[in-house]
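Structure record follows, encoded as structure tokens.
Numbering (our numbering), first residue to last: 53 to 208.
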């Protein structure tokens, strides 16, 4: 994958994040249909925030099929999961292997875009849904499952 394609992929991923909070505030009840769209938590947590996060993630997951179409052939997989009590996790798997150091540099350069999108759109929606101290983690993987880049964002 060329740096231009990687930049496009990162920008698209950040831009598509804008659509995700909209699902959480709709009245539609999501019914996940595949393993990739199943909400999971790393540890049992019955706190109100964790319960709100599970519900929020389930609603957001309804957007995955449409988002996968918009990604074209950039990613083979895209999952959204919950890491209780307050972190939404976006995980992207590239279709083609990327150079880890070049990709990490490119994605590091996109941190401001991600932060802005999260602060302006996602974190307010998460708080509105009852999630306290919201966080978002973006992880990018090569097709072999090796980690290319990961960063957890907090509200600024």
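Don't be surprised by glycine CBs; every beta carbon is placed ideally from N, CA and C.
For residue j and residue i, believed in contact at Cβ under 8 angstroms, the rounded distance
{"i": "residue 213", "j": "residue 145", "result": "The structure shown does not extend to residue 213, since the chain is modelled only from 53 to 208, so the question has no answer here."}
With 16 other Cβ atoms within 10 Å as the buried cut-off, status of residue i
{"i": "residue 118", "result": "exposed"}
Alpha carbon of residue i to alpha carbon of residue j, nearest angstrom
{"i": "residue 201", "j": "residue 159", "result": "7 angstroms"}
{"i": "residue 120", "j": "residue 149", "result": "18 angstroms"}
{"i": "residue 192", "j": "residue 143", "result": "6 angstroms"}
{"i": "residue 110", "j": "residue 152", "result": "31 angstroms"}
{"i": "residue 101", "j": "residue 134", "result": "11 angstroms"}
{"i": "residue 197", "j": "residue 155", "result": "15 angstroms"}
{"i": "residue 63", "j": "residue 162", "result": "Because the pLDDT at residue 63 is just 46, under 50, the model does not fix this residue reliably, and the value given afterwards should be weighed accordingly. If you take the alpha carbons of residue 63 and residue 162, they lie about 8 angstroms apart."}
{"i": "residue 203", "j": "residue 190", "result": "6 angstroms"}
{"i": "residue 123", "j": "residue 179", "result": "28 angstroms"}
{"i": "residue 157", "j": "residue 177", "result": "29 angstroms"}
Residues near residue i in its chain [Cβ-Cβ closer than 6 angstroms; skip 5 each side]
{"i": "residue 175", "result": "186, 207"}
Same chain, Cβ closer than 7 angstroms to residue i, five either side skipped, listed in chain order
{"i": "residue 128", "result": "145, 147, 195"}
{"i": "residue 205", "result": "166, 167, 170, 187, 188"}
{"i": "residue 199", "result": "191, 193"}
Own chain partners of residue i with C-beta closer than 8 angstroms, once the 5 adjacent residues on each side are dropped
{"i": "residue 99", "result": "136, 137"}
{"i": "residue 97", "result": "136, 137"}
{"i": "residue 164", "result": "none"}
Cβ-heavy atom distance, residue i to the ligand GTP, below 7 angstroms
{"i": "residue 101", "result": "The ligand content of the structure shown is nil, which means the ligand GTP is not present either."}
Q. Is the stretch 172–192 in contact with the stretch 136–153, if contact means three or more CB pairs nearer than 8 angstroms?
A. yes
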